[in-house]
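Structure, as structure tokens:
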Amino acid sequence: GCLLVRQSYFHNDPKNFADVGGGVLGCRGFHSSFRTTQSGLSLNIDVSTTMIITPGPVVDFLIANQNVRDPYSLDWAKAKRTLKNLRIRTSPSNQEFKITGLSELPCKEQTFTLKTRGGADGEETEVTVYDYFVKQRNIELRYSGDLPCINVGKPKRPTYFPLELCDLVSLQRAIISVLQALKTSNYASEPMLRSCGVQISNSFTPVEGRVLQAPRLKFGNGEDFNPRNGRWNFNNKKIVQPTKIERWAVVNFSARCDVNGLVRDLIKCGGMKGIMVEAPFDVFEEQERKNSELYGPWKKKNLADFGIVTQCIAPTRVNDQYLTNVLLKINAKLGGLNSMLGVEHSPSIPIVSKSPTLILGMDVSHGSPGQSDIPSIAAVVSSREWPLISKYRACVRTQSPKVEMIDNLFKKVSDKDDEGIIRELLIDFYSSSGKRKPDNIIIFRDGVSESQFNQVLNKELDQIIQACKFLDENWDPKFLVIVAQKNHHTKFFQQGSPDNVPPGTVIDNKICHPRNYDFYMCAHAGMIGTTRPTHYHVLLDEIGFSPDDLQELVHSLSYVYQRSTTAISVVAPICYAHLAATQMGQFMKYEDKSETSSSHGGLTAAGAVPVPQLPKLQDNVCNSMFFC
7 GCLLVRQSYF HNDPKNFADV GGGVLGCRGF HSSFRTTQSG LSLNIDVSTT
57 MIITPGPVVD FLIANQNVRD PYSLDWAKAK RTLKNLRIRT SPSNQEFKIT
107 GLSELPCKEQ TFTLKTRGGA DGEETEVTVY DYFVKQRNIE LRYSGDLPCI
157 NVGKPKRPTY FPLELCDLVS LQRAIISVLQ ALKTSNYASE PMLRSCGVQI
207 SNSFTPVEGR VLQAPRLKFG NGEDFNPRNG RWNFNNKKIV QPTKIERWAV
257 VNFSARCDVN GLVRDLIKCG GMKGIMVEAP FDVFEEQERK NSELYGPWKK
307 KNLADFGIVT QCIAPTRVND QYLTNVLLKI NAKLGGLNSM LGVEHSPSIP
357 IVSKSPTLIL GMDVSHGSPG QSDIPSIAAV VSSREWPLIS KYRACVRTQS
407 PKVEMIDNLF KKVSDKDDEG IIRELLIDFY SSSGKRKPDN IIIFRDGVSE
457 SQFNQVLNKE LDQIIQACKF LDENWDPKFL VIVAQKNHHT KFFQQGSPDN
507 VPPGTVIDNK ICHPRNYDFY MCAHAGMIGT TRPTHYHVLL DEIGFSPDDL
557 QELVHSLSYV YQRSTTAISV VAPICYAHLA ATQMGQFMKY EDKSETSSSH
607 GGLTAAGAVP VPQLPKLQDN VCNSMFFC
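In my numbering, the protein residues as written are 7 to 634.
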């Protein structure tokens with residue numbers, strides 16, 4: 007009897023309902039969460055409201071939703087879209103079903119095949135839905151005969167119920183359109199706005215967008231492929247740069263896993279994708295089972311103590327698609343490439359392919375609200391093996407809790423020594439790119455608000471420049487700094503179509519900043535709900551990209567994410583920074599706080615709590631995509 011929406015609860019009590027029109031009720035409930043406070047653990051409760059479908063007869067809901075007088079005036083195409091996936095309870099059986107659609111014909115004309123009981127061969131006859139319920143079930147139908155039936159079956163096996171026998175179940179969330187909310191708000195009648203001469207349009211702002219063509223991808227055996235709708239797969243395709251898995255072992259912590267079958271299928275699947283997988287040298291059957299928290303300690307032990315790349319899996323169902331996805335991750339971790347951009351292979355990326363270019367992705371992750379003693383984790387990933395833009399490595403450090411600006415980019419410890427993040431990444435780029443220093447450095451920064459843009463330039467970029475000068479005071483790379491934002495409320499809709507905007511849609515006019523250079527991009531295909539674009543802000547461009555070339559580069563970087571066969575919503579370096587921060591954060595999760603506090607790091611400011619440092623990864627894994 008309760009609807010849970012994130013951390014808010016809504017009870018099935020009519021006293022909490024308020025009719026807002028259109029067959030929708032406002033339902034009052036409460037938000038609740040536990041927070042640590044000075045007085046101990048406190049329960050934080052606040053009022054909350056959500057929208058639910060008005061429970062009761064389906065026909066009453068449709069009449070209210072479409073604002074018509076009677077069921078014979080309903081737009082049934084619209085009704086079909088509105089009802090899909092809602093839950094109903096049918097009379098007189100009181101069974102609950104999910105609506106899958108409506109019948110093509112009215113109840114009196116819609117037929118189905120009825121198997122008669124008692125016949126030797128189980129005779130079948132065609133009968134209308136209306137006749138079945140009225141004559142066979144002796145149920146009186148007052149108005150459903152000329153209306154479509156509710157379908158609760160599958161596409162090839164429909165199950166029909168007359169409309170008047172169906173009631174909508176209570177506590178079903180309603181998704182009110184933004185347009186409807188705009189009309190309901192009735193800004194035009196607001197006296198203060200009118201007195202100030204402010205008028206708010208009652209329709210969406212029309213903007214012109216462009217759709218960038220998906221970049222051509224290169225696979226093994228010289229095969230090229232153009233992704234469709236932001237997606238591709240490895241069916242009948244080989245990996246472009248496969249690794250060999252020659253010495254490996256399996257550790258089983260699950261009681262129900264068929265390890266031998268899994269190994270056999272993994273080796274077979276690897277062969278089909280071009281990855282040679284030898285038989286494992288050992289299989290360890292562990293007695294610990296799933297109830298122990300293994301992931302963090304396991305990753306830490308292998309990466310920091312032994313220098314071994316690991317792949318954890320917890321499959322519920324193993325098939326070829328699942329194993330292919332696992333192999334994509336393993337191949338990337340071992341230094342291979344699953345697919346690459348055609349323009350990388352040529353190489354022919356404007357500016358980036360012409361002179362050595364380093365691409366950085368930067369992000370900071372914080373503890374949960376109220377966890378003031380959990381260090382924040384700063385992660386920076388950098389491209390390697392120029393002219394590639396598909397291979398990355400990561401450097402991850404802890405810093406003071408809740409601090410958004412990265413403070414370890416440059417860390418001078420003596421006149422000759424810098425222990426900062428950027429030096430480590432610059433040296434790796436130099437050694438992996440034919441002893442070349444980058445002429446250009448492109449920085450993608452995630453997770454900062456507009457009020458922090460100046461700090462990105464004045465603090466973080468300044469540290470990066472210092473790190474470059476500390477390596478070589480005569481070296482003057484050019485910088486491009488871009489902030490990516492996902493946490494905003496701008497969405498795009500296609501006029502006259504319920505579909506999301508196509509992948510590759512870019513908007514850089516009308517709704518963008520009046521002075522600064524910014525643009526919105528939907529690189530991915532939105533499969534559920536409304537696509538949320540990424541808002542890119544160009545804070546600095548010393549390199550001199552044209553808008554078209556820059557947008558093409560950003561779009562292409564959504565297609566180089568090695569663990570996916572889809573374009574992703576934000577550039578891959580930022581996603582990798584998220585992954586690296588999350589995985590390294592697991593290292594600290596189960597450690598004794600007193601031990602880490604006393605044995606690592608120092609005070610970050612006068613009176614501040616010591617920040618425990620992350621363990622150093624072994625040399626043979628620190629340059630890998632261990633986070634993939």
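Virtual Cβ for every residue (Gly too), placed ideally from N, Cα, C.
(1) Go through the stretch 55 to 119 residue by residue and report every complete run of the beta strand (DSSP E) that reaches 3 residues or more, in order.
(2) Please go through the stretch 526 to 604 and give each complete alpha helix (DSSP H) segment of 4 or more residues, from N-terminal end onward.
(3) Between Ala385 and Val358, which are expected to be in contact by the criterion C-beta below 8 angstroms, what is the C-beta distance as a whole number of angstroms?
(4) For a minimum of 3 consecutive residues, which ranges assigned as the beta strand (DSSP E) are wholly contained in the stretch 271 to 334?
(5) How far does the beta strand (DSSP E) with Asn626 in it reach, from first residue to last?
(6) Would you decide whether Cys318 is buried or exposed? Buried here means 16 or more other CB atoms lie within 10 Å of its CB.
(7) Of the choices Ile433, Asn480, Cys33 and Lys306, whose alpha-carbon is the least far from that of Leu590?
(8) Please report the Cβ distance between Glu292 and Phe259, rounded to the nearest whole angstrom; I am assuming they are in contact, meaning their Cβ atoms lie under 8 angstroms.
(9) Report the three-state DSSP secondary structure of Met631 (helix, strand or coil).
(10) Based on Cα-Cα distance, which residue from Gln469, Phe593 and Pro393 lies nearest to Tyr436?
(11) Under a three-way DSSP split, which group does Ala611 fall into?
(12) I need the boundaries of the beta strand (DSSP E) containing Arg451, first residue and last residue.
(13) Tell me which same chain residues have a C-beta within less than 6 angstroms of the C-beta of Ile314, skipping the five on either side of it?
(14) Going by beta-carbon coordinates alone, are Leu31 and Phe23 separated by less than 9 angstroms?
(15) Closer than 8 angstroms is the cut-off here; do at least three beta carbon pairs connect the stretch 321 to 331 with the stretch 543 to 552?
(16) Would a C-beta distance cut-off of 9 angstroms place Gln101 and Gly510 closer than the cut-off?
(17) Quick one: which unbroken alpha helix (DSSP H) runs of 4-plus residues sit fully inside the stretch 169 to 254? Chain order, please.
(18) On the DSSP bridge list, what partners appear for Ser154?
(19) Roughly how many angstroms lie between the CA atoms of Cys5 and Ser207, to the nearest whole one?
(20) Once the 5 residues before and after Asn629 are set aside, which same chain residues still bring their CB inside 8 angstroms of it?
(21) Apply the 10 Å Cβ neighbour rule to Gln116 and answer buried if 16 or more other Cβ atoms are within range, or exposed otherwise.
(22) Who are the near neighbours of Thr404 in its chain, counting only those whose CB is closer than 8 angstroms to its CB and skipping five residues on each side?
(23) Quick one: using the 10 Å Cβ neighbour count with 16 as the cut-off for buried, is Asp514 buried or exposed?
(24) State buried or exposed for Ser354, treating a residue as buried only when at least 16 other CB atoms are found within 10 Å of its CB.
(25) Would you call the stretch 166 to 177 and the stretch 134 to 151 in contact, with 3 or more CB pairs under 8 angstroms?
(26) Measuring CB atoms only, is the stretch 363 to 379 touching the stretch 345 to 353, in the sense that at least three cross pairs come out at less than 8 angstroms?
(27) Assign Ser604 to buried or exposed, taking buried as 16 or more other Cβ atoms, counted over all protein chains shown, within 10 Å of its Cβ.
(28) For Tyr398, write down the residues that DSSP places opposite it in a beta bridge.
(29) Which residues bound the beta strand (DSSP E) around Asp369?
(30) Would you check if there are 3 or more beta carbon pairs closer than 8 angstroms linking the stretch 264 to 284 to the stretch 559 to 570?
(31) For the beta strand (DSSP E) that contains Val133, what are its first and last residues?
(32) Give a yes or no on whether the C-beta atoms belonging to Ile336 and Ser176 are separated by under 9 angstroms.
(33) Measure the alpha-carbon distance for Ala490 versus Leu111 and round it to whole angstroms.
(34) Under 7 angstroms Cβ to Cβ from Leu477, same chain only, skipping five residues before and after it: list those, please.
(35) Could you pull out every residue in the same chain whose Cβ sits closer than 8 angstroms to the Cβ of Arg148, ignoring the five residues on either side in sequence?
(36) Once DSSP output is grouped into helix, strand and coil, what is the label at Cys33?
In this structure, then:
(1) 93 to 96, 101 to 104 and 107 to 112
(2) 553 to 562 and 578 to 595
(3) At roughly 22 angstroms, the Cβ-Cβ gap does not stay under 8 angstroms, so Ala385 and Val358 are not in contact.
(4) 288 to 291
(5) Where Asn626 is concerned, there is no enclosing beta strand (DSSP E), although the alpha helix (DSSP H) it sits in stretches over Asp625 to Cys628.
(6) exposed
(7) Note that residue 590 is Met in the sequence shown here, rather than Leu. Of the candidates Ile433, Asn480, Cys33 and Lys306, the one whose C-alpha sits nearest the C-alpha of Met590 is Lys306.
(8) 5 angstroms
(9) In the structure shown, Met631 sits in coil (DSSP, three-state: anything other than H, G, I, E or B).
(10) Pro393
(11) Reliability of the predicted coordinates at Ala611 is poor, the pLDDT of 45 falling under 50, and the value obtained from them is presented with this limitation in mind. Correct three-state label for Ala611: coil.
(12) Asn446 to Asp452
(13) Asn308
(14) yes
(15) The count of Cβ pairs closer than 8 angstroms, one atom from the stretch 321 to 331 and one from the stretch 543 to 552, stays below three, leaving the stretches out of contact.
(16) no
(17) Taking 4 residues as the shortest admissible run, the stretch 169 to 254 contains the following complete alpha helix (DSSP H) segments, listed from N- to C-terminal end: 184 to 191 and 197 to 201.
(18) A small correction: the amino acid at residue 154 is Pro; Ser does not occupy that position in the sequence shown. Under DSSP, Pro154 takes part in a beta bridge, and its partners are Pro112.
(19) Because the chain is modelled from 7 through 634, residue 5 falls outside the range shown and cannot be assessed.
(20) Arg390, Arg399, Asp434 and Ser438
(21) buried
(22) Pro381, Ser382, Ile383, Ala384, Met594, Gly607, Val617, Pro618, Gln619 and Leu620
(23) buried
(24) exposed
(25) Judged by Cβ distances under 8 angstroms, the stretch 166 to 177 makes contact with the stretch 134 to 151, as three or more pairs qualify.
(26) no
(27) Residue confidence for Ser604 is low, a pLDDT of 31 falling below 50, so the modelled location carries little weight and cannot support an answer.
(28) Ser389
(29) Segment Thr363 to Ser371, the beta strand (DSSP E) holding Asp369.
(30) no
(31) Where Val133 is concerned, the enclosing beta strand (DSSP E) stretches over Glu130 to Thr134.
(32) no
(33) 50 angstroms
(34) Closer than 7 angstroms at the Cβ level, and outside the excluded window around Leu477, lie Arg429 and Leu432.
(35) Non-local beta-carbon contacts of Arg148 in its own chain, meaning distances under 8 angstroms to residues more than five positions away in sequence, involve Glu170 in chain order.
(36) strand
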